[in-house]
Amino acid sequence: MLYQRVDELRERAAERMAGVLREAAGTRQARVEREVAVTRYAERVAKFDAAEKGLCFGRLDRRDDERFYIGRIGVLDEEGDPLLLDWRAPAARPFYVATAAAPGGVRRRRHITTRDRRVIGLDDEVLDGDAAGEEGLIGEAALLAAVNAGRTGRMRDIVETLQVEQDEIIRSGPRGVLVVQGGPGTGKTAVALHRAAYLLYTHRQLAERGVLVVGPNATFLRYIGQVLPGLGETSVLLSTVGDLFPGVTAGRAEPPATAEIKGRAIMAEVVAAAVRDRQAPPRGPVEIAYGDQTLRLEEEDYRRAARAALTGPVLHNQARRIFVRELLDQLTRQVAQRLEAVALDDEGRPLDGGDGLGALGEADVRALLAAGYPQELLDAGSVAGDDGRPLLDEDDLAELRTELAAAPGVRAVLDELWPGLTPQRLLSDLFADPARLASAAPHLTDAERGLLSRAPGAGWTPADVPLLDEAAELLGEDDREAQAQAARRARAAAERREEIEYAQGVLEISVGSRSSDLEEGEIPEILTAADLLGAEELAGRQETVTRRTVAERAAADRTWTFGHVIVDEAQELSAMAWRLLMRRCPSRSMTIVGDVAQTGDAAGASSWEQALRPHAGDRWRLAQLTVNYRTPAEIMAAAADVLAALDPALEPPRSVRQAGVPPWRLATTPAGLPHALAEHSAREAAHLEEGRLAVIVPEARLAELAAAVAAEVPGAAYGPDPDLERPIVVLSVRQAKGLEFDSVLIADPAAILTASPRGRNDLYVALTRATQRLGVLHPGAVPAELAGISEGFEHSVDNRPFNF
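The working numbering numbers the first residue of the sequence shown as 231 and each following residue consecutively.
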């Protein structure tokens, strides 16, 4: 019945959308209204499509005999009564928070499992005073079934199995900065995504500005990409920090030490100093070639222009326009004075004895032409002032000023004195010129500046993007961007005029054709297009409209500000990345999720206080997730040893289950590691059948070890953006962050430990990616942090165990 109703609603929305598209929309307002309606109906169709899988997943039976079904979206019958409650609705909340101790009027909670449109499983909890699960879990059977199910390479939503501590965070209000701290497997990412869906449902105004979800890399974003559409929300932009500068592809890799320097907060001062350096005129006079003349600007001339340009809070490129205007005025006066001096002698008499009004003779014209004076002004002659001296009128001066502005020599000098800059040009020039870098960053060491140096055109890295954004804030729009926008507007207006003129011609042809078929004085019986609409309306019907979602418009606009920002793996963000994100959300309505024990980036945070105080002061609140749903207790015990070595004060999250398979380790040799890893990868893949295996290796050996695994197991995925839906994927720790797999093999843990100053954090991340099985292959002696893992291992093929 529910699916039948959804089919009806989807068909109705599709029909209405088609009807709106057929309607006339001649005026601009009518076209806007039509597009709003089309967007609304298209979103409804998309919502119904997204809810197709797992439409209804729960039922609440109340003590007062009322019964509610819970699902991904809300569905009403023809009378407007609820057939299905949206999981985010207040009336649905007892499904997530009712317990035997506090049933809240609920007698029974039923979990419904479906495949396509068929019910394949039921799990009932009767809240009659019996204790809940050992960990106080809600829907324990359904939860454990979900966490024990094989991975697919894509994240699934957890809307059917949300737990109380997760639900409380999801339904927290949108104001201010909420930090969600949680260890591995606590559902941080799922909570963040469900919170985005909840906020968009309960605060519809957020949809106008959209929600930004920031993840650590493109692989992670693809992994979570299906969750929000499946929850019925499309006003969300998924992005990495490196993708938040439109027009820049940050695909180049760079040493971690270089990225760490670029991430420091002090780099904001470096960028600001680099801008100021481009506003510092040189010492002494400047000579400018103009035609056959040499113009001259004294140092005080351009310093006076610079002072005028920097009056008030103006950006670099806006100030440049003032600076250029001031200097062009000075140059125009200089050339005008020279021209007037050519026309008269020292006593104010025309050179060839012309009349007293200053009319130009042939000698005057020759002299003025030689000085570069425009011929068209000479053709009009010259007019004397009250003192008898010939003067240029305002039109003459304006034309002379235009000539100067277009002169190559003048343009080159003005650009040198105060260049128009894009963020890309500013940083390229800065990193390519040791002298500029030394001037802008005197507090960095020579070695650190050496790490920043690079040749022009080398390409951009993710760590460059916050610096580009910082530069854009200081530079503003340059003249080329402004001219390009003006040109686009002018082209659009011209194209619109042409379309209207063409439409008018079509209508006139239509009227003329009809008139030729009528007798004199006869009134037509059939209406034509000309009787019903004008040329502008007809042209409007022919327009090709590009419909962009909020997320698409936000992705193309660097200055877009979002209604809410969610940051996953937030502990990895540098100080400069935080500055960028805070600009995207001036309201500071943010959800920050992460685990400082898993910080692997050298520029990342060691505490939330350190990361947030510069932007939010003490106006942020902390929520903690304490239960580990993903990692079995056996694996978490091994990871806890690494966590203790990292910081004895840190507490690992509590695991809710045991897998029954202890983690194992096996010693090999450095030379034998590739072969051993490939062999064990093949065996583990055979055991998993439908699950997913991740092989996590040191980043420096990724290519070598991935090639060995792929040679033994054809189809294994690896590379910069690996396919997580393959049965086996070889990853670095950085790539594996935020992901989960049925089984994990870790190769050369000692190299992971020594690869960065945060090697223990990285090893902790690697150990906690598995939902079922974990193995470690170590060349030589095992690191002390892993000594508690038993040596030797057990595989099982066709349920027949065999030991090694």
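Quick reminder that beta carbons are idealized off the backbone N, C-alpha and C, glycines included.
Check                                                                                                                                                                                    : Outcome
Can you tell me the Cα-Cα spacing of Val-775 and Val-268, whole angstroms?                                                                                                               : Note that Val-775 scores 47 on pLDDT, short of 50, meaning its location in the model is unreliable; the coordinates nonetheless yield the value given after this. So the alpha carbons of these two residues sit roughly 11 Å apart.
Using 8 Å for Cβ pairs, my map puts Pro-414 next to Arg-860. What's the rounded Cβ distance?                                                                                             : 7 Å
What's the call for Ala-610, buried or exposed, on a 16-neighbour Cβ count within 10 Å?                                                                                                  : For Ala-610, the predicted model reports a pLDDT of 48, less than 50, meaning its position is unreliable and no value from the coordinates is stated.
Which two residues bound the contiguous alpha helix (DSSP H) that contains Leu-681?                                                                                                      : 676-682
What is the C-beta distance between Thr-1001 and Glu-955, in whole angstroms, given that I count them as a contact (C-beta under 8 Å)?                                                   : 16 Å between Cβ atoms; not a contact.
Going straight from the alpha carbon of Leu-855 to that of Leu-907, what length do you get?                                                                                              : 35 Å
Identify every residue that forms a DSSP beta bridge with Glu-355.                                                                                                                       : Arg-339
In chain order, what residues of the same chain lie with their CB nearer than 8 Å to the CB of Leu-1068, ignoring the 5 residues before and after it?                                    : Nothing in the structure corresponds to residue 1068, since the chain is present only between 231 and 1034.
Have a look at Val-554, Gln-801, Arg-818 and Val-927 and flag the residue whose alpha-carbon is nearest the alpha-carbon of Leu-442.                                                     : Arg-818
At what residues does the beta strand (DSSP E) containing Val-959 begin and finish?                                                                                                      : 958-961
Please confirm whether Asp-951 and Thr-419 have their CB atoms less than 8 Å apart.                                                                                                      : no
When the Cα of Gly-824 is compared with those of Ile-796, Gly-689, Val-356 and Gly-680, which residue comes out closest?                                                                 : Ile-796
How far does the beta strand (DSSP E) with Met-231 in it reach, from first residue to last?                                                                                              : Premise fails: Met-231 is in no beta strand (DSSP E) and is neither H nor E.
Where does Gln-435 land, buried or exposed, given buried means 16+ other C-beta within 10 angstroms?                                                                                     : exposed
Do Leu-697 and Met-866 count as a contact pair if the criterion is CB distance below 8 Å?                                                                                                : no
Between which two residues does the alpha helix (DSSP H) containing Trp-838 stretch?                                                                                                     : 838-846
DSSP has Tyr-520 in a bridge; who is on the other side?                                                                                                                                  : Gln-523
What is the DSSP secondary structure of Asn-858, reduced to helix, strand or coil?                                                                                                       : strand
Go ahead and pull the three-state DSSP assignment for Trp-690.                                                                                                                           : coil
Below 8 Å, can you find three or more Cβ-Cβ pairs linking the region 549-569 to the region 520-540?                                                                                      : yes
Can you give me the Cβ contacts of Asp-761 inside the same chain, cut-off strictly under 8 Å, excluding the 5 residues immediately before and after it?                                  : Caution is warranted here: a pLDDT of 48 is assigned to Asp-761, below 50, making its placement in the model unreliable, and the coordinate value is therefore given only provisionally. Around Asp-761: no qualifying Cβ.
Would you tell me roughly how many angstroms separate the C-alpha atoms of Pro-900 and Gly-1010, rounded to the nearest one?                                                             : 7 Å
Taking just the CA atoms, how far does Asp-294 sit from Val-471?                                                                                                                         : 51 Å
Do the CB positions of Leu-681 and Ala-487 come within less than 8 Å of each other?                                                                                                      : yes
For the alpha helix (DSSP H) that Gly-493 lies in, which residues bound it at each end?                                                                                                  : 486-493
Does the Cβ of Arg-378 have 16 or more other Cβ atoms within 10 Å, making it buried, or fewer, making it exposed?                                                                        : For clarity, residue 378 is Asn in the given sequence; the question names Arg instead. Exposed, since its Cβ has fewer than 16 Cβ neighbours within 10 Å.
Compare the beta carbon distance of Ile-926 and Val-963 with 8 Å and say whether it is the shorter of the two.                                                                           : yes
Give every residue of the same chain whose Cβ lies closer than 6 Å to the Cβ of Ala-243, excluding the five residues on either side of it in the sequence, and list them in chain order. : Tyr-271, Arg-274 and Val-275
Let me check understanding here. Comparing Cα to Cα, which of Val-236, Ile-399, Ile-491 and Asp-645 lies closest to Arg-347?                                                             : Val-236
Considering only the alpha carbon of each residue, which of Ala-328, Glu-909 and Ala-549 lies closest to Arg-292?                                                                        : Ala-328
Distance, Cα to Cα, Phe-1032 vs Glu-909?                                                                                                                                                 : Residue placement at Phe-1032 is flagged as unreliable, the pLDDT there being 35, under the threshold of 50; a coordinate-derived value is accordingly withheld.
Which residue wins for smallest C-alpha separation from Leu-239, given the options Leu-251, Ala-781, Leu-313 and Ala-260?                                                                : Leu-313
Just reading off the beta strand (DSSP E) that Tyr-299 is part of, what are its end residues?                                                                                            : 297-301
Rounded to whole angstroms, what is the Cα-Cα separation between Arg-482 and Lys-492?                                                                                                    : 14 Å
Can you tell me whether DSSP reads Leu-423 as helix, strand or coil?                                                                                                                     : helix
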